[in-house]
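Residue numbers (full-length UniProt numbering), protein chains in the order written: chain A, 1 to 215; chain B, 1 to 215. Where is the CB? At the ideal position from N, CA and C, for every residue including glycine. Just so it is clear, the structure is predicted and the values come from calculations on it, not from any experiment.
Number of protein chains: 2
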Amino acid sequence: MLQPIASVRVVDVVRDRLRSAILSGDIAPGSRLSVPELARQLGVSRSPVREAVLLLVGEGLAVEQSRRGVEVARLELTDVLELYDLRTNLEGLAARLAAERMTSSDLAALRGVLDAQGAAAVGDARSFRELDHRFHEIVSQTCGNTRLARHAALLAREMRLAGPLMVNEPWHLKQSHQEHRAIEHALRQRDGPAAENAMRVHLSRVCQSVRHHNS
Amino acid sequence: MLQPIASVRVVDVVRDRLRSAILSGDIAPGSRLSVPELARQLGVSRSPVREAVLLLVGEGLAVEQSRRGVEVARLELTDVLELYDLRTNLEGLAARLAAERMTSSDLAALRGVLDAQGAAAVGDARSFRELDHRFHEIVSQTCGNTRLARHAALLAREMRLAGPLMVNEPWHLKQSHQEHRAIEHALRQRDGPAAENAMRVHLSRVCQSVRHHNS
DNA sequence: TTTCTGCATTCTGCATGTAACACTTTTCCT
DNA sequence: AGGAAAAGTGTTACATGCAGAATGCAGAAA
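Here it is as structure tokens:
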């Protein structure tokens, strides 16, 4: 059974590259996304770059200003709180649904991420965040509701623009890790309501931490 | 104090026109969206049309097929159920938040919509649906969470593609109308939890009706 | 020193050119 | 007639052209 060959479109490559650059911080929030400049740097014409930039606007990672081009979105504290409110609900629902649908390989992947996170928790905030995203991504993507998965992914990605607003103290990361363990435990028990509750507790608590850390 | 001049971009006009045509059914689900053809019909060049079509894909109203262009999204029953699950949660949250933030003019607008809906309820399913959208839109847009408002709007719009899957029996519309009244009552009392509960009851019940109507 | 003016540069937004590909119809050969 | 090849039609995806608008800056004016 041969897989159909997926034609690689330039616009997709450009979009992925720009998204990675934005999420990794290589292109800082507030930076202008000049289409001709990016086209020169990437060695392609302006058309696919323009379309990729438009798609990023649709994803919420960039904002357009009337006639003044597009710049990488800048998140204020209120934006982050908004995002946590939404994620609390969406990912809570996702966790409840995922509890009944996760395969044993999904659960194994989840545990692998948590083990790696436990090892990274001391000091390496960057690795910790990466594994945090993987954890939440696995839960969202296995919930069985494709639209929920898509919207949760959009919100989780958008939140990665928050950078300096996030709390990186070791004790806080440790706390998150323990809450992740609780979520995983509920998922492993196939206890949907408990998983939802644990996810909501986790994200609400992080939201509160962020709020108090920036005031 | 002069208002800044909002430049009207062709791409925005095209996007709005295409979206209206899709949501009104003028362009049926499954129809191919040929960029050159649409450009001819609209009397503009292909560039803004191509971008508008891409934006509609981003909104979930159209889907791209590899190398075979874009067509208007076709919703199966499972898609509609997915959407209701999501809307139940998102709009439930929106209702709770809106209860504390709606102004008296918002409440007046809501009541106006409900009164019009009460008059239209008998027989005119098309008007009823239009007012239903207005009702949910007002609640979502007044919740104070811009991202919640945006995502709720996207989901509500996407659901309008469901067409023949929806339940249009008069008694069902009447039931929806009464549930809308209950939601509005809770909002007017500024009772967030009650509003959330009423919204969830409403959307869950509609979801069940749709499920049983198509099986 | 500060503010304004005019020019040069760059960008945005739309139009158009074009190669590669997909689908349809016609034609040609058996 | 039946089936394959080939031409024709239409599209996608990318490249490029270009007018108008925004931005930055040097130099003049207050």
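Check	Outcome
Ignore the nearest five residues each way along the sequence and tell me which others in residue 75 of chain A's own chain have a CB closer than 6 Å to its CB.	161, 162
Counting only the same chain and skipping the five closest in sequence on each side, list residues whose C-beta sits under 7 Å from that of residue 30 of chain B.	71, 72, 74
Within 10 angstroms of its Cβ, does residue 108 of chain A collect 16 or more other Cβ (buried), or is it exposed?	exposed
Go through the stretch 75-151 of chain B residue by residue and report every complete run of the alpha helix (DSSP H) that reaches 4 residues or more, in order.	77-99, 104-120, 125-141
Answer yes or no: does any C-beta atom of chain B fall closer than 7 Å to that of residue 180 of chain A?	no
In angstroms with no decimal places, state the Cα-to-Cα distance between residue 137 of chain B and residue 138 of chain A.	31 Å
Name the DSSP bridge partner or partners of residue 32 of chain B?	B/71
Any beta carbon from chain B within less than 7 Å of residue 82 of chain A's own beta carbon?	yes
Quick one: measure Cβ to Cβ for residue 98 of chain B and residue 195 of chain B, integer angstroms, because I've assumed they're closer than 8 Å.	7 Å
For residue 31 of chain B, go through chain A and note every residue whose CB falls closer than 8 Å to its CB, in chain order.	Near residue 31 of chain B there are no residues of chain A at all, since even the closest Cβ is about 22 Å away, more than 8 Å.
Within the same chain, show all residues whose beta-carbon is closer than 7 Å to that of residue 91 of chain A, passing over the 5 residues directly before and after it, in chain order.	136, 139, 140, 152, 199, 203
Which two residues bound the contiguous alpha helix (DSSP H) that contains residue 182 of chain A?	170-188
Residues of chain B with CB closer than 8 Å to the CB of residue 145 of chain A, please, in chain order.	82, 85, 86
In terms of DSSP beta bridges, what is residue 64 of chain B paired with?	B/70
Would a check of beta-carbon distances place residue 197 of chain A closer than 7 Å to chain B?	no
What are the residues of the stretch 55-74 of chain A that lie near chain B, defined by any Cβ-Cβ distance shorter than 8 Å?	55, 58, 59, 60, 66, 67
Quick one: grab the DSSP three-state call for residue 214 of chain B.	coil
Under 8 Å, with one C-beta from each stretch per pair, do the stretch 9-27 of chain B and the stretch 36-53 of chain B reach the 3-pair mark?	yes
Taking the straight line between their C-alpha atoms, what separation do you get for residue 211 of chain A and residue 84 of chain A?	10 Å
Tell me the residue span of the alpha helix (DSSP H) that contains residue 6 of chain B.	Taken as a continuous stretch (DSSP letters only), residue 6 of chain B belongs to no alpha helix (DSSP H), as it is neither H nor E.
Taking Cβ positions only, does residue 168 of chain B come closer than 7 Å to chain A?	no
Does any C-beta atom of chain B lie closer than 7 Å to the C-beta of residue 151 of chain A?	yes
Given a cut-off of 7 Å on the beta-carbon distance, is the pair residue 81 of chain B and residue 148 of chain A in contact?	no
Taking the C-alpha atoms as reference points, what is the distance between residue 24 of chain A and residue 133 of chain A?	13 Å
Starting from the beta carbon of residue 114 of chain B, find every residue of chain A whose beta carbon is closer than 8 Å, and list them in chain order.	The premise fails here: residue 114 of chain B is roughly 26 Å from chain A at the closest Cβ pair, so nothing lies under 8 Å.
Residue 184 of chain B: buried (16+ other C-beta within 10 angstroms of its C-beta) or exposed?	buried
Just to confirm, are residue 43 of chain A and residue 100 of chain A a CB contact at a threshold of 7 Å?	no
Quick one: what does DSSP say residue 16 of chain A is sitting in, helix, strand or coil?	helix
CA-CA distance, residue 15 of chain A and residue 51 of chain A?	8 Å
Taking the C-alpha atoms as reference points, what is the distance between residue 206 of chain A and residue 172 of chain A?	9 Å
Could you say which of B/58, B/156, B/144 lies nearest to residue 78 of chain A if we only look at CA atoms?	B/144
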